[in-house]
Every structure is written in C-alpha cells, then in structure tokens.
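4 protein chains.
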Amino acid sequence: MGSFKGHALPGSFFLVAGIWWTGKHSLWHATRRNKNIGSSRLASRTSQRRLEIIESAAILFFSLVGMLAEQFAADGPKLRLYDSAENHWKDLMNWQHSTMYLFFGLAGAVSLIIHCTEAAPLALDRLMVAVAFFNEGFLFLYHLHGRSMLDVHVHQLLLYAVFGIALIAFLEVFHRGNILLELLRCTLTLLQGSWFWQIGFVLYPPHSPEWDLKDHNNMMFITMCYSWHLAVAMLIVSVLYSTVSCVVRSRLKRTPPMEMGLLKPRERDPESEDEIL
Amino acid sequence: MGSFKGHALPGSFFLVAGIWWTGKHSLWHATRRNKNIGSSRLASRTSQRRLEIIESAAILFFSLVGMLAEQFAADGPKLRLYDSAENHWKDLMNWQHSTMYLFFGLAGAVSLIIHCTEAAPLALDRLMVAVAFFNEGFLFLYHLHGRSMLDVHVHQLLLYAVFGIALIAFLEVFHRGNILLELLRCTLTLLQGSWFWQIGFVLYPPHSPEWDLKDHNNMMFITMCYSWHLAVAMLIVSVLYSTVSCVVRSRLKRTPPMEMGLLKPRERDPESEDEIL
Amino acid sequence: MGSFKGHALPGSFFLVAGIWWTGKHSLWHATRRNKNIGSSRLASRTSQRRLEIIESAAILFFSLVGMLAEQFAADGPKLRLYDSAENHWKDLMNWQHSTMYLFFGLAGAVSLIIHCTEAAPLALDRLMVAVAFFNEGFLFLYHLHGRSMLDVHVHQLLLYAVFGIALIAFLEVFHRGNILLELLRCTLTLLQGSWFWQIGFVLYPPHSPEWDLKDHNNMMFITMCYSWHLAVAMLIVSVLYSTVSCVVRSRLKRTPPMEMGLLKPRERDPESEDEIL
Amino acid sequence: MGSFKGHALPGSFFLVAGIWWTGKHSLWHATRRNKNIGSSRLASRTSQRRLEIIESAAILFFSLVGMLAEQFAADGPKLRLYDSAENHWKDLMNWQHSTMYLFFGLAGAVSLIIHCTEAAPLALDRLMVAVAFFNEGFLFLYHLHGRSMLDVHVHQLLLYAVFGIALIAFLEVFHRGNILLELLRCTLTLLQGSWFWQIGFVLYPPHSPEWDLKDHNNMMFITMCYSWHLAVAMLIVSVLYSTVSCVVRSRLKRTPPMEMGLLKPRERDPESEDEIL
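Protein chains in written order, with my numbering: chain E, 1 to 277; chain Z, 1001 to 1277; chain U, 2001 to 2277; chain V, 3001 to 3277.
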C-alpha cells in the first residue's frame, strides 16, 4: 500500500466521515436548541436512530470491503500469514491494514447493535470509536522503523490527529452530546483525511519532482503545513455548522430576529444531551 | 521464573480474574437495570456484599500462596535478601514477583475489610486495585535492562494493558458503577492474561522452533498480534455480557419482548451506581 | 526574528494580555460574589459582553498586524513561499510566526462572532484559545533542531507555560468561570511574557557580555530563574486580584467589615459561573 | 547539601507533614461522618479553621528558616548570586533549595491569608500546594545532569512521589474533601519523606560500605525497595486512619456497636465536603 493511491483512499474516507459527522452533529444540536419552537421531538428521536443505523451499517460495510481488498487484491496475502517456504511473514503491511479495518468494523457492528436493540449502554459507540482510533495510532506507532526522517515525521504528525480523536471520543463517553467535543472530533477527522492526501503528495509525488527526505527545512515546512491543514479543517467545520444552524433555524421558526436575543439562557443549557434526554 | 510456566501461571490467573469480573459486573448491571421489574433489591445488596467478600478472600489467599511459592520454591531466596558470601542480592526476580503479589494481597485485604466492616469509603477498593496494577507496571518498567529487542518489546506491550487497568480503576474511584469502565477493565485484564501466554510462547516456545529475537518483522507481527488479542478479549467480554443480560432478563421478567422498547429512558439512567444507591 | 526585539515584542504582548485577563476575571468574580449587595446584574451582563467584544477585536487586530508585519517587513517573504531560483523555502521563520498569529487571529475572530451573535456555544472561545496556544507550542516544539544546548533549554522551558495555558483553557471548556483556573491561566500568560524577555536577554544580550551557551551551570541557573519568574507572576496576579476585589467591595457595599464574616457560605458557591447564570 | 544530613532533614520534614495531614484529614472525615450523632458542627468549623491557621503558620515559619539556613549557613551564598571574581554562579545548589522553600513558604502564606480572611476561594490552598510540589519536581528534574546511574535513578524515583502529590493536590481543587484523594496525598508525602532517608543511606552511607553506583542489580533492588516504602506508607496511613476513626466514634457516640450497621447509607454521602458545607 506504499503508494499515492494507498494514502489517498483512506484520506478520502476520513474526509467524508469528517464532513458527515459535522453535518450530523450540527443538525442534531440545532434541533435540540430549537426544540421548544417547533421541531417535534419524537420524530427527531426516531429519525436520529435511523440515521445512526445507516451510518453504522455503512462503516461496517466499508470496513469489510477494505479488509477483503487488502487480503485478496493482486499482491495481497490471501489470508495466509506465514510463508513457510521462504520462512518469513507474508505481506505484514496488508495484514496491519486489515487489522485497522477490523477495529473500525467492530465499532460499526457494535454501534449497529446498540441502536437496533436496547442491549448495551448508548455511550458504548463512542468508546468503540475511541478504541478503533487508538488501535490505528498504536499500529502506526510501531510502523515506522528504519524509514527516512521526513517519512517518519509526516506519519508522527498523523498520530497527533489519530490519538487526539481517540482521546476526544473517550471524553465523549462521559460528556455525551457536548457539541464542542463533537465538532473537535470532526475537525481532527478532517485533518487526518487531508493529511493522508498530503502524505501521499510528499512521499509519492504524482507529477512534481521528488522531495528531499533528509532536508531539515522540508521538515520545518511540513510541520507548519500541518497547522494550515488544521486551520482549514476548522474553517470547513465552522462553515458547515453555521450553514446547518441557519437552515434549521429558518425552517423551524420563521420568527423575527428580535426574539433571538432572549434565547441566551436556554441556549446554554442543552449543550450536553444528558440534560434533555 | 523465566520459563514458559512462569508466564502461563500469571496469565491464567488474569484470564480467570477477567472472566469473573465480567460476569460479576454484567450480573449487577443487569440486576440494576431490571430492578423495578422484580429483582428484590435488598436480597441483591446482601448477596453482592457476600460475593465481594468471597472474591477479596480468594485474591488475598492466592496472593499469599504466590508470595510463599516465590520465596520457598526450590530455587527461591527463602526470605534471605542479600548473599553476603558472594556479595550480591539473592534472587532479585523472585523478590520482585513477591512484591507484586504483596500489593495484590494488600488490595484483597483492604477490600475484605471494606466489605466486612463499615470502616472505610467503598471506593477505596478500586483505588487499591489501581495501586496494585500501577505497582506491577512500575516494577516491569525497570525490569527489562539488557534484554534483546523482541523480549523488551513484548513486555512493553504488556505495560499498555497494565497501566491501562490502573488508569481505568483510578477513574472508577470517581465514576463507580459505570458499566463501560468496568467492562473496559475486564477487557484489559483478559488482554493481559492472554498476552502473558503469548509471551511464554514467544520467548520459551514449548514445541516449535525458537523465534529470532532481533528480526524486525517479528516485532511488527507481534505488535499486530497484540491488536488481535485485544479484539478477542473484546469479543469474549461482549459475549459474556450479552449472555448474562439475556439470562437475567428472561429469569426476572417473563414479560413479552414488546415491552422492552419502552425501557430506553430508564436504561440510560442507572449507568452509574451512585444514582441508585 | 532572531533578535532581542523579536523576543521582547511577543513578550510585551503576553504581559499585557496577562494583566488584562487578570483584571477582567478578578472584576467579574468580585461582581458575582457581591451581586446580592448592590451590583445590578443586568448592567453587568451587557457591559461584560461589550468588554469581550472589544477584547476580541483587539486580539484580531493585533494578530492581523503581526501577520502583515512578518510578511511585508524588510526581510519578509512577501507572501512568496518557495524561492524557485535557489530551490529552497523562503523565510520559514517568518511563515511560522505568521501561522502562530493566524491561530490567535482565528481565536479572536471566533470570540467576536460568539459574543456578537448567538450562533455558537459560549465555551467555544476557550477552546479556540486552547487550540491557539497548543498550535504555538506545537510549532515551537519542532523549531529547535540543531541549536545550542542553552538555546534549546530556554525554549523548552517556554513550552511548559505554553502547553500549560492550552491545558488550563481546555479545562475551562468544562469548568467555565472557575476563578482559580482563570487566574492560573493569567499567571502562566504573565510567565510566558516575562520569559520571552528573559530569552531575549540570554540569547541576544543588549549591553552585557554574551552567555556561554554550553555551560551546564548556566542551564541550572536558568531553570531556577524560571521558578522565580513563576513566583513573580503569581505575586503580580494576587496583588491585582486583591486590589480589584477591595475596590469593588468598597464601591458596591459601604457596609461595615463586621458583616463580612457572614458571607462565607455565599462566597463558596459562585466559584463557577454555571451555577449563577 | 550533598550529604546524609542534607537528605535526612527534608525527609523528616515530609514524614512529619505526612503524619500530621493523615491525622487531620482522618479526624475531620470522622467528625463529618458522625456529625448527626453528637459532634457539634459549629465548634468543629471554628476549630478546623484554627488548626489550618496554625498549620499554615508553621509551614511558613519553617520555610523561612529553611531559606535563611540555606543562605547564611557556613558554606551558603549569603544572598550573593554571582561570583564576578571567579566568573561563575555562587552555590547554585543552595539557591535551588532556597527556591524550593520559597514556594512552600508561598503556599503557607496564601493558606494563612485564605483561612484568616475571606479574600480568596478556599480551593486556592490546594492549588498552591500543587504548584509548590510541581516546582520541587521541576527543579529536581534538571538537577541530575552528569551524575552516576544509581544517583540519577533514586532521584527519578523521588519524582514519582513529588509529581504524584502535585497531581493529587490539583485534583483536590475540583474534588475538595474527598477522603481518598487526601489519604493518597498523605501516603505519597510519607513515601517522599522515607525515600529521602533512603537516598541518604544509599548515596552517603553513614556506617556501612559504599554502594556500587553502576551495578544494575543495585538499581533493580532499589526499584523494588521503592515499592516497599510505598507499602509501608500505605500501612502507616491506614493504621492512623483506623485509630482516629475508632477514637472519634467511641468518644462521640457511646452507642452500642449494633447500631453501626445502619450507618451505611449515610456514610457514603459525605465523602466530599461540598455536599455538607
């Protein structure tokens, strides 16, 4: 998977996930905030659950596809782990990527079960997301032995986003429905997605000349570049959040803007889901 | 204790502990959730306490046995710390293992006192568990000087589970009865147990050829292997949890499944013990 | 920007910010504590918001000025990133500083929007402050390659303050209005400001002889010096806090000191804003 | 201060502090638990405050004495920082120790002000304790350059206790009056005290032969030794806590032991001070 496509593919996946989550959480937050003005609560609860089920199924599906692709692609290990003829492990990279997909698949499956049945506490879905991202970061951490300086550096920067998401998702187990944590998670997911693309462009430049992987100036530039990706991710999330908020507000209320000034005390309260569920 | 048995024994111990804890916490959580339907609360409280006392006594007993075995086995130090004839410490490994058992024994003893008398706050038992596992990880951390690469690596991976348990148990001091934290602790305990077995198989293979302890591919395989152990541990915990939940539900209620859909709001609340005690 | 002025300028900025924040939070805390005695609550709310808007606008303004100065000063990159003639990145330092200013500018802009409109949760302003300082520390962290020992050391010490502020601001997302966290953030901001001056004096001494950047005794002295800066910052914050408290009390109440003894139970409660808003 | 006495002195200080704190917190916790049975609450509040004032004054006094002793002892720097004749810093060690005392003195002074007047939030005293211990650990961290292996190791082990106390005290800012956190802080303070003695015995053995500071077995023994110190500290704290609890109970109640079984629900509640103040 050491190729441009091999980084662009997961990058696109995380970009889509980040945008989807931003939309979802913005929509729900806006509905919660305006629920006393007209959004019928019961409908929202049912449709929320349906949305969660669809999302979980999609995650589960793509994880399975990913695992199968890693195993049965042209150069895949085809479920064989050890090559006893040549006495070495077969295609460890593919196996590692399969393992990462496995944990995302588990998170999807558990989330599906939680939202279909009443079997487990709701917060378990966030815990599984935290475990899946932690596992991804854990495998990357021991993935980098013997590579050149810049290669190691761009993957280490990736780990900030990965472990950041794991931490935020773990905090959400205790502060479920806190819109700030949710949007922060979305931001970091977008950052991870766009950074995968950046890694692809740096290590396997499709058209341009190759990068000098040992130049310290390149390393300093890449570090700064990471900050820019973060800034752009924050921008995208805030634009999406604002758009969704405005649309929901204009749809639900049709009330003159004068009245909005009175909403302050109410707006602060439902920051966490717990209080209103 | 550097032998296959020396790793299989603690591994089995932690596996049993993990399964026992999973069953216990699942049972109590299921009882709490369904308490309004029929499980008489008072009985449950008394039997809970009896169970805790038995568990604490067992932990205390096995820790004492472990300490004595380490000291008075054939090659043990027999309570002598310094060999003044040859001017070196006697059997430091055995002493270190004794010290680990000592802290688990302390945790068991304190838990016994807490649940027999009313002398100390209930949360102290979790704090002692946290201290015991922290101490185990702390001793392992300075245990690895001068070993070969893979040997160090498999023990470092062990530390993730050990310090993870210590952290989760410390969080439980503040969030007692949170079923997710409890199950996470169970998962990590199972992981630790099965990983001890894995270490035994890697470092002291009983039948197969020896591993090359300096091969980097082996290290990458082992890292991935750790993720698989985690996945299996999660699977075992969830199967156990589901089984116990189903059995409790079918025993206690004998109500048609139609009614379950109504339980949602109630199910969310008693996630933490504090609210219902 | 490697010059005395280049460190004195941000130092002064953070010193002013620290003093301003100390005054602001002390004032509001004092007003909250004494609100039942005479400070009309509504007025306070409106003026608080006005103050926040002015502060945010100032931060935004100075960040923009900083970015422009870094780009278009005599030796700035003038928005060109890559010098294709000589095949290297142009003025990476200036670009890094611009990036730091960018995140502070974003924090100011978001804070402006939050306090002008009702679009986003209030706690977002603290989250943006946390991100801005985290980004500053993150860029400094990879800023130090190949410098001499003492140079690296004084910048590492700076990171304690920077990441400390980021952490405290993140905690404030959950504990908004906790006066202790606010004052701790002020203290660390002052520390950062005065430490920038100290760095300037150590690395680019204006009048005195140069420091030996490889002497270990200098390093030990500098470490201790950092503690003194912290002590002085704590002193300044406590003097400011006491002064503001006394002034507010004497203005608002005009009650004999005898009555103060009765305030105890009331004083403890409003430590966090949430309880009174 | 590199001598046996130089380690025994702070060791004794921390041992006394640990025992004093254990007694104080045990007494108050026992009083809180039994307050409905007879301990007149008002009296307790006044005497608590008096005790705090005495403690703070003692800390302030001993810190001042310590600072003066470091400065004006036979080989002290006598407030001169730089020896311009020989062009080096004068007695950096003494200055560092003075700085440590300074922060403990600040914590004492602030605590004195808090409990005498009503000027600042109560939790500030714990925050100052956290800062004082953090500062101690921070100075030790950069204190160890160029020493031999075992010397570095015993001081690093000390840091576990020091930063542990700082962390626990910081948590107490948010969970004031939680008896478990208080006793944990006492335990770590005792551990720090006895470990200072141990360091003295290892590095400057008064009667026995010198230790080989480069032997790896010594390092492993010392690590284990640290665990034993922790176990003994836990033992001392629990014995003290039990004794104080029993004495308070027998003094206050004079009720037959039969009734104690009923106290369970009440005992759990007042674990945190906030709920009853």
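By construction, the Cβ of each residue, glycine as well, lies at the ideal position given by its N, Cα and C atoms.
query                                                                                                                                    : result
C-beta atoms of residue 2208 of chain U and residue 2232 of chain U nearer than 9 Å                                                      : no
Contact set between residue 3129 of chain V and chain U, taken where Cβ atoms lie within less than 9 Å                                   : Those do not exist, as residue 3129 of chain V stays about 13 Å from chain U at its closest Cβ, beyond 9 Å.
Through-space distance from residue 2139 of chain U to residue 1078 of chain Z, alpha-carbon basis                                       : 56 Å
Contact check, residue 169 of chain E vs residue 130 of chain E, beta carbons under 9 Å                                                  : yes
Residue 2256 of chain U at chain V interface by Cβ criterion, 9 Å                                                                        : Reliability of the predicted coordinates at residue 2256 of chain U is poor, the pLDDT of 46 falling under 50, and the value obtained from them is presented with this limitation in mind. Not closer than 9 Å to any Cβ of chain V, the Cβ of residue 2256 of chain U fails to qualify, so no.
Burial state of residue 1054 of chain Z (16 or more Cβ within 10 Å)                                                                      : exposed
Residues that residue 2088 of chain U bridges to, as DSSP identifies them                                                                : U/2083
Candidates E/199, E/92, E/177, E/122: closest to residue 158 of chain E by CA position                                                   : E/199
Under 9 Å between C-beta atoms of residue 1222 of chain Z and residue 1155 of chain Z                                                    : no
Alpha helix (DSSP H) runs contained entirely in the stretch 3161-3230 of chain V, provided each spans 4 or more residues                 : 3179-3203
Residue 2010 of chain U, DSSP secondary structure in three states                                                                        : helix
CB-CB length for residue 3026 of chain V against residue 3240 of chain V, believed under 8 Å                                             : 6 Å
Cβ shell of residue 3016 of chain V (< 7 Å), same chain only, five flanking positions each side left out                                 : none
Proximity below 9 Å, CB of residue 1022 of chain Z to CB of residue 1186 of chain Z                                                      : yes
Own chain partners of residue 1099 of chain Z with C-beta closer than 8 Å, once the 5 adjacent residues on each side are dropped         : 1135, 1139
Any C-beta of chain Z under 9 Å from that of residue 21 of chain E                                                                       : no
As assigned by DSSP and simplified to three states, the class of residue 112 of chain E                                                  : helix
Cβ pair residue 2102 of chain U, residue 2149 of chain U closer than 9 Å                                                                 : no
C-beta neighbour in chain U for residue 3095 of chain V, strict 9 Å                                                                      : yes
Top-ranked residue by Cα proximity to residue 166 of chain E, from E/88, E/141, E/128                                                    : E/128
Where the alpha helix (DSSP H) containing residue 1125 of chain Z begins and where it ends                                               : 1124-1141
Best match in U/2011, U/2006, U/2005 for proximity to residue 2188 of chain U [C-alpha to C-alpha]                                       : U/2011
Residues of the stretch 1168-1188 of chain Z whose Cβ lies closer than 8 Å to any Cβ of chain C, in chain order                          : Absent from the structure is chain C; the protein chains it does hold are E, Z, U and V.
is_contact[residue 3104 of chain V, chain U] using C-beta, thresh 9 Å                                                                    : no
Cβ-based neighbour list, residue 1047 of chain Z, same chain, cut-off 7 Å, excluding 5 preceding and 5 following                         : none
Residues of its chain near residue 1201 of chain Z, where Cβ-Cβ distance is below 6 Å and the 5 sequence neighbours each way are ignored : none
Own chain partners of residue 1034 of chain Z with C-beta closer than 7 Å, once the 5 adjacent residues on each side are dropped         : 1248, 1249, 1252, 1253
Local conformation of residue 3074 of chain V per DSSP, three classes                                                                    : coil
Inter-stretch contact at 8 Å, needing at least 3 Cβ pairs: the stretch 3116-3128 of chain V / the stretch 2170-2182 of chain U           : yes
Cβ of residue 1099 of chain Z within 9 Å of any chain V Cβ                                                                               : yes
Residue 1086 of chain Z, buried or exposed, once every other Cβ within 10 Å from all chains shown has been counted against 16            : exposed
C-beta atoms of residue 88 of chain E and residue 70 of chain E nearer than 9 Å                                                          : no
Contact list for residue 1229 of chain Z against chain E, beta-carbon separation under 9 Å                                               : Under the 9 Å cutoff, chain E gives no residues; its nearest Cβ is about 11 Å from residue 1229 of chain Z.
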